[in-house]
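Here's the structure we're looking at; comments come further down.
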Amino acid sequence: YQDFHIRKLSKELAKQFANNIVVALDQIPLTEKHTQEKVLADAKGERILHAKWEHSLIALDDKDNFAGIIIGYERTSEGNDQYPDNSIYLNDIAVSENYQKRGLGKFLVKEWIDFNKKAGYKELDGVLRFSVQTNKAEWNNHVQRLYESLGFKKIAEKKYDNRTDNVYSLNV
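Quick note: the sequence shown uses my numbering, first residue 60, plus one each step.
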């Protein structure tokens with residue numbers, strides 16, 4: 060992956076590549092449409108996206124074009140089966156259409172985990188763990204297998220009107 064460089068995502072970089080980020084994120088099926096405002100936001104409704112800019116990464120190609128994004132934040136425990144503990148939550152991952160099917164997504168998740176193992180919690184506390192949720196439909200098996208291949212374990216399901224997601228946790 061010498062063709063790519065991974066950088067911590069700052070609000071400035073997010074603004075610079077906002078259009079590319081929105082286009083990439085809007086490839087994710089059955090999720091609400093993304094906007095520049097949502098990408099730059101530090102909250103989602105009532106949920107505070109703790110330390111979002113400390114836990115997110117962007118991938119740029121050798122010409123500094125947008126290649127991919129991974130947005131994470133510290134997610135407060137909900138005290139339920141889905142989110143029993145504080146965690147660093149992988150909120151969004153997307154790869155530009157130009158770079159898909161080359162392993163960049165898996166590379167990004169590995170880099171994100173390694174980066175955040177070193178970073179640790181910035182605002183929350185507790186045992187360091189990671190969490191993610193993704194659609195449990197058969198058409199999304201490749202994404203489920205990706206997380207499982209990196210050590211994530213399914214701990215719960217979360218039901219929505221239009222889909223059911225698997226919730227995964229990775230203890231480090």
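Each residue gets a CB set at the ideal place from its N, CA and C atoms; glycine is no exception.
Backbone secondary structure at residue i - three-state DSSP
i: Phe166; result: helix
i: Lys92; result: coil
i: Glu182; result: coil
i: Lys159; result: The sequence shown places Gln at residue 159, rather than the Lys named in the question. Of the three classes helix, strand and coil, the one that applies to Gln159 here is coil, per DSSP.
i: Ser190; result: strand
i: Lys195; result: coil
Short Cβ contact (7 angstroms threshold) for residue i with residue j
i: His93; j: Glu182; result: no
i: Arg66; j: Ile117; result: yes
i: Gln192; j: Asp140; result: no
i: Ala153; j: Leu99; result: no
i: Asp101; j: Asp62; result: no
i: Leu205; j: Lys165; result: yes
i: Val226; j: Lys217; result: yes
Candidates the options, of which the one nearest residue i by Cα
i: Asn200; options: Val154, Lys213, Leu84; result: Lys213
i: Asp151; options: Glu207, Gly104, Ser190; result: Ser190
i: Asp123; options: Asn79, Asp184, Arg222, Gln192; result: Asn79
i: Ala178; options: Val231, Glu207, Thr193; result: Val231
i: Val168; options: Lys70, Tyr227, Leu209, Glu96; result: Leu209
i: Ile172; options: Asn221, Tyr219, Tyr132, Val154; result: Tyr132
i: Ile107; options: Ala196, Asn145, Ala73, Glu207; result: Asn145
i: Trp112; options: Lys176, Ala73, Lys218; result: Ala73
i: Asn221; options: Leu205, Arg204, Lys195; result: Lys195
i: Ser136; options: Leu205, Ile147, Lys103; result: Ile147
i: Glu156; options: Glu170, Glu216, Gly127; result: Gly127
i: Phe125; options: Tyr142, Ser115, Gly162, Phe76; result: Phe76
i: Glu71; options: Trp198, Ser115, Val202; result: Ser115
First and last residue of the uninterrupted beta strand (DSSP E) at residue i
i: Tyr219; result: Neither: Tyr219 is in no beta strand (DSSP E) and is coded neither H nor E.
i: Lys67; result: 63-67
Range covered by the alpha helix (DSSP H) that runs through residue i
i: Lys74; result: 70-75
i: Asn200; result: 200-208
Quiz prompt | Uninterrupted beta strand (DSSP E) stretches inside the stretch 80-152 (no shorter than 3 residues) | solution = 116-120, 125-134
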